[in-house]
Amino acid sequence: MANIVAIVKMVPDLVEELEINDEGTGLDRDWLRLIINEFDNHAIEQAILLKEREGGEVTVIAPETEGVEDMLFTTAAKGADRMIKLAGDFEEGVNNHALAHAFAETAKNHQPDLILTGVQANDDLDGPVGPLVAEYLGMPYIGYISGVTLEEGRAIVRKEYPGGLIGEMEVTLPAVLGIQAGEEPPRYVAISKVRQMMKTAEIAEAEISELDFSGGISAKRMYLPEAAERAEMIEGDEEEIAAKLISIFKEAGAL
Amino acid sequence: MPERINYWGIPHSWGEPELYVYAIMFLAAAIMLLQFYRQASLWWKVGRPESRWDKLHIRLGRLIQYAIVQTKVLRQRYPGIMHAAIAWSYFVFFLGTALATVHDHFFEFLHGNTLIVYKFTLDLFTIFFLIGAGMAFYRRYAEKPEKLTLDKGFTWTLWMVTIIVLGGLFTESLRLAVERPDWGAWSVAGWLLARLWISTGATETTLTNWHLGVWVFHLLSVALTLVTLPTGTLLHALTGPLNAFFSELDRPMGALAPAAETAEGEPIFASKLSDLTWKQLLDGDACTECGRCQDACPAFNAGTPLSPKQFILSLRDSLHHNGSKPKLAGEAIPEDVLWACTTCGACVYECPVLIEHIDTIVDLRRYLVIEGMVDAELQTALTNLGRYGNSFGKSERMRAKWSKGMEPKVKNANKERVEYLWFVGDYASYSPTLTEITKQTAEVFQQIGLDFGIMYKGENHAGNDVRRVGEEGLFEMLVEKNIKAMSKADYQAIVTTDPHSYNTLKNEYPANGGHPVLHYTELLDQLIASGKLKFSKKLGYKVTYHDPCYLGRYNGIYDAPRRVIEATGCEIVEMPRNKDCALCCGAGGGRIWMEEGEIKERPSESRIREAAALENVTDFIVACPKDVTMYSDAVKTVGAEESVVVKDLIELVYEAL
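Sequence lines, in order, name chains A and B.
In terms of my numbering, the first sequence opens at residue 1 and continues consecutively.
In terms of my numbering, the second sequence opens at residue 1 and continues consecutively.
Written out as structure tokens, the structure reads:
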């Protein structure tokens, strides 16, 4: 019986074209559409799998942003017991230090045996939330996990290394794990189940103390790669193309 | 004057022979009914209740059409004639026996010419029966088609029904051989046989004794057949008519029922026998094992694990023999069997006793979906559909990207009044290989001055195949979104490109202010008829046309597309499997979103080979965007690029304008 907390967040959905804000320092969030961070979705799946296997309770905590309620109801339909959204001004984006503080503060109240989170997210890529939460709560952290077995007071975790090697390590609980992949891919949950949850399940709101923005990194410039005009289409029949190619190769000193 | 002699040749010492006859027959009938009750009571003891007692006159009509006239049985010539010969003859024999009983006990009328007509008719049907039985023996012992269940039970049934008729014939002929009435030749079959007995020179006593023996044997064989009927393959003579009588009346073939609900209003996701209705269990017992469904099934012919016949029989087995496996989905019926169905409707269409395979398959799929037992590709498609309203996982803002740059701009039906609301559909909107055709469709509409518009990002996937996958909640959500968008539009009629969207909009969406739903082939056909669409060119191609399942079998639209094709100056050469016998491309029922699994030959490849075998046919015309995708692939994989080109019907129209 473990008390498992999954800390997750919504990230920009890449099906929409990304726009840069007027300052050129980040995304124009007015045009963003958010989706569950893929790694976080695996963390949720791993949490539900552990609950199904070992018993216990799963609490999912996510900052309040567009679409977070639908996402939380979906996790409820998958089998999460408690859903909490962090009330605060997250819409404009926060740095990971601030976010990790908010997560740690709320997660602590649930006396977790295990905190699972996605190992990284598409809007930060360096994966600091897990380690930061672990630091703030004084727990050990292991990242890039793709399998978890719970034992008395400890967890055996699996981690895949390049070259097909698998490392197995033991960590004392409570601990924070950065999930690379759940043991099973995130399950499909039927819409009628989600809709049922929308009627019956409740999402709790957790007040957090002032978001502390200090200590984060900020982008000096964010931009889309500029298209370079390097390709030249050669037109004509075979003879012409061949002749043109030869002259190009000569020009480049290759012939 | 010809007279009927009751119980001719039965010794007087036997007293009243009718007492024995009725005693034996009543006993046999009682055993039969008891046995039948034991079988049948499981339907309502195990199955859920569902009322199917309404509109009795229509039900009676179906009983007559399907069980007595047997129109579906007659769809196939050889087995049709074979079965009709056997069944109709038995109907006549029953009637004959009943009339004889009336004559014996209530009202004497079988004399003179009436008796001659009576005898003549019965003998004619005896001959008709023997022809049918002969065909059946040939089929069972020599031809042995794969679809047939070559089981002892059927052989026993065939022998018994034949022995009964031969018993009657021999009895009659032996009597005629002794009596030799001057009108005896009217009993055509009996008389021929009687002459054989006469030619043996046997004495009257010998013949009378033989008559007695055969008569007793005839009586007992009838009794034995009755007793064994409910436990044997003749059971279909009871369950088949019942199934036709209780068949679905309230919805068209293209409308599925929503998931049933418990008394508390909780949806039922059928996983076991007791989740199905008594009628769905009756389906299992009604199966005649003729195998027509299996023969017509694209999934079976592709070599997938699904045989619609085995599927229905596994319901029967689970109900009667397989007590340890009351769970159906994933146990008695493996998941891959359920997922293999393209919902093309061929099985339902071919079934002589109106079994509703697809309803039950979808019911069981609903359970798999609610349990999350879907393959990865399907999961991605469903997740995309839930999030973006299309299976491609693209933004809804990109739905009308194909129309970019068109002049004049395609109207937004959510903003301007239009006559025709064009429901474009996912494939036509998003599939990169189809957008050129979609653009041509818009250009044709513009050139002929059609006042039309689209809903841009307001349109969502219509949900036809989402529903058939078994994701009912997602279907409902898509319907709500589309209805909301459509309610904002001002239009006279809906026109669709995709037959799947067409089917669900027409048959499953709540009545939308009575606006008609048209497939574009219907609309073009109407415009040609009214003179609004005229062609400047006669194309002169020799083409073949593939009927999409959801346009043809599901909605009976066979002629409109053919008329449009002919109006463009093309000649249509039909494939052997055309109209209601058309083979599915394999994409329906959500198959296009699923992993393919191991198969022998894709339905689309079989179809292309069929078309390529037609002489001088250059174009394979389709009227469904998914068909363009499926068949263009198939043309490449079977290497038929030299013989046929896949074209959407609109391409002909565009070219001929």
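Think of the CB as a built atom: it goes at the ideal place given N, C-alpha and C, for glycine as much as any other residue.
None of the values given here were measured: they were computed from a predicted structure.
(request) Work out the CA separation of residue 188 of chain A and residue 379 of chain B for me, nearest whole Å. (result) For this step, residue 379 of chain B is matched to residue 379 along the second sequence. For this step, residue 188 of chain A is matched to residue 188 along the first sequence. Going by the C-alpha atoms only, they are around 6 angstroms apart.
(message) Using only the alpha-carbon positions, how far apart do residue 255 of chain B and residue 356 of chain B sit?
(response) Translated into positions along the second sequence, residue 255 of chain B becomes position 255. Translated into positions along the second sequence, residue 356 of chain B becomes position 356. Roughly 12 angstroms between the two C-alpha positions.
(request) Provide the residue(s) that pair with residue 127 of chain B in DSSP beta bridges, ordered along the chain. (result) Here residue 127 of chain B is taken as the residue at index 127 of the second sequence, counted from 1. In DSSP, residue 127 of chain B forms no bridge with anything.
(request) Determine which residues share a DSSP beta bridge with residue 607 of chain B and list them. (result) Reading the second sequence from its first residue, position 607 is the one you call residue 607 of chain B. Beta-bridge pairing links residue 607 of chain B to no other residue.
(message) Looking at chain B, is there any beta carbon in it that lies within less than 7 angstroms of the beta carbon of residue 192 of chain A?
(response) Counted from its first residue, the first sequence places residue 192 of chain A at position 192. Closer than 7 angstroms: yes.
(message) Tell me which residues of the segment 578-605 of chain B have at least one Cβ-Cβ distance to chain A shorter than 8 angstroms, keeping chain order.
(response) none
(message) Counting only Cβ pairs nearer than 8 angstroms, list the residues of chain B close to residue 16 of chain A.
(response) The residue given as residue 16 of chain A occupies position 16 in the first sequence. Residues of chain B passing the Cβ test: 395, 397.
(request) Could you pull out every residue in the same chain whose Cβ sits closer than 7 angstroms to the Cβ of residue 328 of chain B, ignoring the five residues on either side in sequence? (result) Here residue 328 of chain B refers to the residue found at position 328 when the second sequence is read from its first residue. Cβ within range, chain order: 271, 272, 273, 318, 364.
(request) List the residues that DSSP assigns as beta-bridge partners of residue 87 of chain A. (result) Numbered from 1 along the first sequence, position 87 holds the residue referred to as residue 87 of chain A. For residue 87 of chain A, which the question treats as bridged, DSSP gives the partners A:207.
(message) With a threshold of 7 angstroms between beta carbons, is residue 188 of chain A in contact with chain B?
(response) As a first step, residue 188 of chain A is located in the first sequence; it is residue number 188 there, counting from the start. Answer yes: the Cβ-Cβ gap between residue 188 of chain A and chain B drops below 7 angstroms somewhere.
(request) For residue 185 of chain A, go through chain B and note every residue whose CB falls closer than 7 angstroms to its CB, in chain order. (result) Working through the first sequence from its first residue, we reach residue 185 of chain A at position 185. By Cβ distance, chain B contributes 376.
(message) 7 angstroms is my cut-off, CB to CB: does residue 474 of chain B come that close to chain A?
(response) Residue numbering aside, residue 474 of chain B sits at position 474 when the second sequence is read from its first letter. For residue 474 of chain B, the answer is yes, since a Cβ of chain A falls inside 7 angstroms of its Cβ.
(message) For the pair the segment 489-504 of chain B and the segment 421-435 of chain B, tell me if three or more CB-CB distances fall below 8 angstroms.
(response) yes
(message) So residue 195 of chain A contacts chain B; which residues on that side make the cut at Cβ distance below 9 angstroms?
(response) Residue mapping note: residue 195 of chain A aligns to position 195 of the first sequence, counting from 1. In chain order: 473, 476, 477.
(request) Just confirm the distance between the C-beta atoms of residue 62 of chain B and residue 221 of chain B, as a whole number of angstroms; I'd bet it's less than 8 angstroms. (result) Your numbering for residue 62 of chain B matches position 62 in the second sequence. Your numbering for residue 221 of chain B matches position 221 in the second sequence. No, residue 62 of chain B and residue 221 of chain B are not in contact; Cβ-Cβ is about 32 angstroms, not under 8 angstroms.
(request) Would you mind telling me which residues of chain A sit closer than 9 angstroms to residue 382 of chain B, beta carbon to beta carbon, in chain order? (result) Mapped onto the second sequence, residue 382 of chain B falls at position 382. The contacting residues are 188, 190, 191.
(request) For residue 379 of chain B, go through chain A and note every residue whose CB falls closer than 9 angstroms to its CB, in chain order. (result) The sequence position of residue 379 of chain B within the second sequence is 379, counting from 1. Ordered by position in chain A, the residues that pass the 9 angstroms Cβ test against residue 379 of chain B are 185, 186, 187, 188.
(request) Please say whether residue 351 of chain B and residue 299 of chain B have beta carbons closer to each other than 7 angstroms? (result) For the purposes of this step, residue 299 of chain B is identified with residue 299 of the second sequence, where counting begins at 1. For the purposes of this step, residue 351 of chain B is identified with residue 351 of the second sequence, where counting begins at 1. No, these two residues do not count as a Cβ contact at 7 angstroms.
(message) Under DSSP, the alpha helix (DSSP H) around residue 29 of chain B begins and ends at which residues?
(response) Here the question's residue 29 of chain B lines up with position 29 in the second sequence. First-last of the alpha helix (DSSP H) with residue 29 of chain B: 17-46.
(message) Please list, in chain order, the residues of the segment 247-268 of chain B that have any C-beta partner in chain A closer than 7 angstroms.
(response) 267
(request) Could you name the residues of the same chain whose beta carbon sits closer than 6 angstroms to that of residue 326 of chain B, not counting the 5 residues immediately before and after it, in chain order? (result) Sequence index remark: in the second sequence, residue 326 of chain B carries index 326 (1-based). 272, 273, listed in sequence order.
(request) Could you list which residues in chain A have their beta carbon closer than 8 angstroms to that of residue 388 of chain B, in chain order? (result) In the second sequence, residue 388 of chain B corresponds to position 388, counting from 1. Per Cβ cutoff of 8 angstroms: 15.
(request) Taking residue 370 of chain B as the query, report the chain A residues whose CB atoms sit under 8 angstroms from its CB, ordered along the chain. (result) Along the second sequence, one-based indexing puts residue 370 of chain B at 370. Result: 190, 192, 193.
(message) What does the alpha-carbon distance come out to for the pair residue 396 of chain B and residue 387 of chain B?
(response) Within the second sequence, numbered from 1, the residue matching residue 396 of chain B stands at position 396. Within the second sequence, numbered from 1, the residue matching residue 387 of chain B stands at position 387. So the alpha carbons of these two residues sit roughly 10 angstroms apart.
(request) Determine, using beta carbons only, whether residue 543 of chain B and residue 619 of chain B come nearer to each other than 7 angstroms. (result) As a working mapping, residue 543 of chain B is identified with position 543 in the second sequence. As a working mapping, residue 619 of chain B is identified with position 619 in the second sequence. Yes.
(request) Classify residue 412 of chain B as helix, strand or coil using the three-state DSSP reduction. (result) Here residue 412 of chain B is taken as the residue at index 412 of the second sequence, counted from 1. Reduced to three states, the DSSP call for residue 412 of chain B is strand.
(request) Quick one: using the 10 Å Cβ neighbour count with 16 as the cut-off for buried, is residue 385 of chain B buried or exposed? (result) Stepping through the second sequence from its first residue, residue 385 of chain B is reached at position 385. So residue 385 of chain B ends up on the buried side.
(request) Identify the continuous alpha helix (DSSP H) that holds residue 321 of chain B and give its terminal residues. (result) Position 321 of the second sequence, counted from the start, is the residue given in the question as residue 321 of chain B. Element bounds for residue 321 of chain B: n/a, residue is neither H nor E.
(message) So, for residue 75 of chain A: in the same chain, excluding its five sequence neighbours on each side, which residues have a beta-carbon less than 7 angstroms away from its beta-carbon?
(response) Translated into positions along the first sequence, residue 75 of chain A becomes position 75. The answer, listed in chain order, is 44, 60, 83.
(request) Check whether the segment 28-41 of chain B touches the segment 219-237 of chain B, counting contact only when three or more Cβ pairs, one atom from each stretch, lie closer than 8 angstroms. (result) yes
(request) Could you have a look at residue 392 of chain B and say whether DSSP puts it in helix, strand or coil? (result) Mapped onto the second sequence, residue 392 of chain B falls at position 392. Three-state DSSP puts residue 392 of chain B in coil, outside helix and strand.
(message) Give me, in chain order, the residues of the same chain whose beta-carbon lies closer than 6 angstroms to that of residue 42 of chain A; leave out the 5 immediate sequence neighbours on both sides.
(response) As a position in the first sequence, residue 42 of chain A is number 42, starting the count at 1. 179, 181, 182, listed in sequence order.
(message) Can you give me the C-alpha to C-alpha distance between residue 617 of chain B and residue 96 of chain B, rounded to a whole angstrom?
(response) In the second sequence, counting from the first residue as 1, residue 617 of chain B sits at position 617. In the second sequence, counting from the first residue as 1, residue 96 of chain B sits at position 96. If I take the Cα positions, the gap works out to 55 angstroms.
(request) Specify, as a first and last residue, the run of the beta strand (DSSP E) that residue 660 of chain B falls within. (result) As shown, chain B starts at 1 and ends at 657. That puts residue 660 of chain B outside it, with no answer to give.
(request) State the DSSP-derived secondary structure class of residue 433 of chain B, mapped to helix, strand or coil. (result) Against the second sequence, residue 433 of chain B aligns to sequence position 433. Reduced to three states, the DSSP call for residue 433 of chain B is coil.
(message) Going by the DSSP bridge assignment, what does residue 178 of chain A pair with across the sheet?
(response) On the first sequence, residue 178 of chain A is found 178 positions in, with the first residue counted as 1. Residue 178 of chain A is bridged to A:117.
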